[in-house]
Amino acid sequence: METNSTFSSSSNSKYSSLDSSLESSATIRAMATESTHTVVDNESITEEQSGPVFTLFPKLPPELRNKIWKNACFVTRLIDLWKFPIGEKEFRDACIEEFNKTIWVYKSHSQTPLIMHTPQEARAVGLGYYKLSFGKNFSAKIGQSEVIMSTPARIYLHWEYDVICPMPICLREEGCTIYRGSGPLVRELKDISPLMRRLALGKYDSACIFDLLGSTALEEVMIYNEPFTTLRPFEAHKSISLEFVSIENEVDEKLELGDQERLRPAKRLIQRDIQRRQEGSI
Numbered sequence: 001m002e003t004n005s006t007f008s009s010s011s012n013s014k015y016s017s018l019d020s021s022l023e024s025s026a027t028i029r030a031m032a033t034e035s036t037h038t039v040v041d042n043e044s045i046t047e048e049q050s051g052p053v054f055t056l057f058p059k060l061p062p063e064l065r066n067k068i069w070k071n072a073c074f075v076t077r078l079i080d081l082w083k084f085p086i087g088e089k090e091f092r093d094a095c096i097e098e099f100n101k102t103i104w105v106y107k108s109h110s111q112t113p114l115i116m117h118t119p120q121e122a123r124a125v126g127l128g129y130y131k132l133s134f135g136k137n138f139s140a141k142i143g144q145s146e147v148i149m150s151t152p153a154r155i156y157l158h159w160e161y162d163v164i165c166p167m168p169i170c171l172r173e174e175g176c177t178i179y180r181g182s183g184p185l186v187r188e189l190k191d192i193s194p195l196m197r198r199l200a201l202g203k204y205d206s207a208c209i210f211d212l213l214g215s216t217a218l219e220e221v222m223i224y225n226e227p228f229t230t231l232r233p234f235e236a237h238k239s240i241s242l243e244f245v246s247i248e249n250e251v252d253e254k255l256e257l258g259d260q261e262r263l264r265p266a267k268r269l270i271q272r273d274i275q276r277r278q279e280g281s282i
């Protein structure tokens with residue numbers, strides 16, 4: 001699984017995650033990160049390096065080609081979701097003074113699915129699964145007039161397979177050096193992402209799962225160890241890869257026992273809320 005977001009530029013940083021099915025007992029996994037920022041000169045790639053080419057593909061029946069394109073849509077991606085206020089501080093202050101609210105926009109480092117860059121035939125199949133999401137509309141009254149602002153949806157999501165990972169809120173002028181948590185963004189997901197099935201939460205925000213139970217199609221929750229004091233701004237992030245490693249036996253060389261221990265309270269909290277929801281007590 002790959003994503004283009006990271007909390008740190010360190011290539012040895014490690015995160016852990018708890019994977020919990022809302023229909024069954026939870027299990028634990030580890031999520032380790034490693035920098036994969038690489039530049040490749042396309043002209044230097046030989047035919048042998050680029051891999052085999054299936055030259056007969058265009059001659060296949062349309063039904064078979066569609067099945068192949070469809071299979072390419074079922075790839076899990078980690079969608080790092082960031083929430084930013086629109087405009088500089090002066091503009092935001094004016095919005096609060098005039099409208100009593102801040103206007104937000106959603107961003108992500110996740111790339112457009114590859115199938116959307118392929119021929120029209122493949123793109124047509126991809127659009128059946130990937131939907132542009134997280135657009136934002138805003139309206140307010142000024143006297144007898146109405147102000148309307150909108151930001152287009154630019155993040156492609158496959159709601160059944162993609163994992164949404166809400167990121168901590170980070171304001172540019174404050175330096176992004178203090179951890180603020182993603183709780184406010186997580187709580188918004190019940191309204192803006194009712195189709196969401198898979199969610200990744202930092203352990204400090206695990207209590208926010210309470211707000212999502214019963215209001216989304218949520219099936220899987222992953223909890224990871226996020227850094228508490230250091231947070232780099234959105235623009236400073238580089239590509240990383242995330243590797244999920246099973247630690248169901250409680251011991252794994254890729255995740256230290258201390259990290260496992262820090263995950264357990266978050267795991268118990270989520271399991272408690274799930275049980276209460278199933279029993280109808282919340």
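So the sequence shown is numbered by full-length UniProt numbering: it starts at 1 and just counts up by one.
Every residue gets a Cβ at the ideal spot worked out from N, C-alpha and C, and that includes glycine.
Which residues DSSP lists as bridging residue i, in chain order
i: GLY202; result: TYR224
i: ASN137; result: SER150
i: TYR156; result: LEU132
i: SER110; result: Note: SER110 sits in no beta bridge, so no partner.
i: LYS83; result: TYR106
i: CYS165; result: ASP80
i: residue 283; result: Because the chain here runs from 1 to 282, residue 283 falls outside it and cannot be looked at.
Own chain, CB closer than 7 Å to residue i, minus 5 neighbours either side, in chain order
i: SER160; result: Correcting the residue identity first, residue 160 is Glu in this sequence and not Ser. Here the set comprises ARG197.
i: MET167; result: SER5, ASP80, LEU81, TRP82 and SER182
i: ALA208; result: Reading the sequence as shown, one finds Cys at residue 208 and not Ala. Same-chain partners within the cutoff: GLY183, VAL186, ARG187 and LEU201.
i: LEU269; result: SER206 and ALA207
i: ALA266; result: LEU18, LYS203, SER206 and ILE223
i: ALA153; result: LEU132, SER133, PHE134 and GLY135
Distance, residue j Cα to residue i Cα
i: residue 312; j: PRO85; result: In the structure as shown, the chain starts at 1 and stops at 282, and residue 312 therefore has no counterpart that could be examined.
i: GLY202; j: LEU127; result: 31 Å
i: ALA94; j: GLU88; result: 10 Å
i: GLY64; j: MET116; result: Note on residue identity: the sequence assigns Leu, not Gly, to residue 64. Rounded to whole angstroms, LEU64 to MET116 spans 19 Å at the Cα level.
i: PRO62; j: ASP211; result: 45 Å
i: LEU78; j: LYS141; result: 38 Å
i: ARG272; j: HIS158; result: 29 Å
i: GLN275; j: TRP104; result: 34 Å
i: ALA124; j: ILE68; result: 13 Å
i: residue 283; j: ILE169; result: The structure shown has nothing for residue 283, since the chain only spans 1 to 282.
i: residue 288; j: ILE192; result: There is no way to answer for residue 288, as the model of the chain reaches only from 1 to 282.
i: VAL75; j: TYR106; result: 23 Å
i: GLU90; j: ASN66; result: 51 Å
Neighbour-count burial assignment, residue i, 16 or more Cβ in a 10 Å radius
i: SER150; result: exposed
i: THR27; result: Its pLDDT being 34, under 50, THR27 is placed unreliably in this model, and the coordinates cannot settle the point.
i: ILE148; result: exposed
i: LEU60; result: exposed
i: residue 347; result: No statement about residue 347 is possible, as the shown extent of the chain runs from 1 to 282 and does not include it.
i: GLU279; result: exposed
i: ILE240; result: Low confidence applies here, because ILE240 scores a pLDDT of 42, under 50, leaving its location unreliable; read the following figure in that light. Under this definition ILE240 is a buried residue.
i: GLU250; result: Its pLDDT being 47, under 50, GLU250 is placed unreliably in this model, and the value from its coordinates should be taken loosely. Exposed, because fewer than 16 other Cβ atoms sit within 10 Å of the Cβ of GLU250.
i: SER246; result: Below a pLDDT of 50, predicted positions are generally treated as unreliable, and SER246, at 48, falls in that range; no measurement from the model is reported.
i: ASN42; result: Unreliable placement is indicated for ASN42, whose pLDDT of 42 sits below 50; no coordinate value is reported for it.
Proximal residues to residue i (C-beta, below 6 Å), its chain only, five neighbours per side dropped
i: GLN144; result: none
i: ILE155; result: SER108, SER133 and PHE134
i: TYR129; result: CYS73 and HIS158
i: THR38; result: For THR38, the predicted model reports a pLDDT of 33, less than 50, meaning its position is unreliable; a value from the coordinates is still stated below. Closer than 6 Å at Cβ, skipping near neighbours: no residue.
Own chain, CB closer than 8 Å to residue i, minus 5 neighbours either side, in chain order
i: LEU189; result: ILE164, PRO166, MET196, LEU199, LEU212 and THR216
i: GLU23; result: Caution applies to GLU23, whose pLDDT of 38 falls short of 50 and renders its modelled position unreliable; the value that the coordinates give is listed next. Excluding sequence neighbours, GLU23 sits near GLU219.
i: GLU146; result: SER139 and ALA140
Short CB-CB distance (under 8 Å) between residue i and chain C
i: ALA94; result: Although the question refers to chain C, the structure presented lacks it and comprises just one protein chain.
With three or more C-beta pairs closer than 8 Å as the rule, is the segment 203-223 touching the segment 105-121?
Result no; under three Cβ-Cβ pairs closer than 8 Å.
Is the segment 55-64 close to the segment 104-115, with three or more CB pairs under 8 Å?
No contact exists between the segment 55-64 and the segment 104-115.
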